[in-house]
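Quick notes on the structure that follows.
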Amino acid sequence: MSVSAAELTAKKCTACEGGTPPLAADQVAAHLAAVPGWALSDDGKLIRRKYKFTDFASAMAFLNRVADLAEAEDHHPDLHLTGYRHAAVELSTHAIGGLSANDFIVAAKIDALG
Ligand SMILES: C[C@H](O)[C@H](O)[C@H]1CNC2=NC(N)=NC(=O)C2=N1
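Shown next, in the form of structure tokens:
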């Protein structure tokens, strides 16, 4: 199974119901390869990317763009301002307590924000 960033950015998040199983480890690995800036948490339940900006305003502007994207996709990351110009974005699918394709779609779209 191979997944590309272009495939992910072409998709739209779909509503995730509680009954949907999280992606299996091999599916997570295939999706992760398409978004190389992102790291899998130790428990395998979320992906995370850290960012450093030139200043506070740039960090906040980025987080607000991610917030707009999250609303458009109806899939919401945890957004952290981890210092005055540092941010972290964590993606997981709350409804299933793990990772779904939605997390990787949003990760790829964040990467495409530029
Ligand atoms: C109804 C709506 O689609 C759900 O509540 C969405 C909203 N955003 C979400 N975001 C994330 N990260 N996980 C979810 O399970 C989730 N559920």
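Counting along the sequence shown from 1, when you hit position 42 you're at 42 in full-length UniProt numbering, and nothing is skipped either side.
Think of the CB as a built atom: it goes at the ideal place given N, C-alpha and C, for glycine as much as any other residue.
So, for glutamate 7: in the same chain, excluding its five sequence neighbours on each side, which residues have a beta-carbon less than 7 Å away from its beta-carbon?
Position 7 of the sequence shown, counting from 1, holds the residue named residue 7. No residues qualify anywhere along the chain.
What are the partner residues of alanine 88, as DSSP defines its beta bridges?
For the purposes of this step, residue 88 is taken as residue 88 along the sequence shown, with counting starting at 1. Answer is Lys50, His80.
Assigned exposure category for lysine 109 - 16 Cβ within 10 Å defines buried:
By one-based count along the sequence shown, residue 109 stands at place 109. Under this definition lysine 109 is a buried residue.
Since I believe aspartate 103 is in contact with isoleucine 47 (beta carbons under 8 Å), could you give me their beta-carbon distance rounded to a whole number of angstroms?
Counting from 1 along the sequence shown, the entry for residue 47 is found at position 47. Counting from 1 along the sequence shown, the entry for residue 103 is found at position 103. At roughly 6 Å, the Cβ-Cβ gap stays under 8 Å, so isoleucine 47 and aspartate 103 are in contact.
So, is serine 2 buried or exposed, given that buried needs 16 or more other C-beta atoms within 10 angstroms?
Within the sequence shown, numbered from 1, the residue matching residue 2 stands at position 2. The residue in question, serine 2, is exposed, as its Cβ has fewer than 16 Cβ neighbours within 10 Å.
List the whole-angstrom C-beta distance separating lysine 45 from serine 92, where the pair is believed to meet the contact cut-off of C-beta under 8 Å.
For this step, residue 45 is matched to residue 45 along the sequence shown. For this step, residue 92 is matched to residue 92 along the sequence shown. Right, the Cβ-Cβ distance comes to about 6 Å (below 8 Å), so this counts as a contact.
In or out: residue 116 buried (at least 16 other Cβ within 10 Å) or exposed?
Residue 116 falls outside the range modelled here, since the chain spans only 1 to 114, and no answer is possible.
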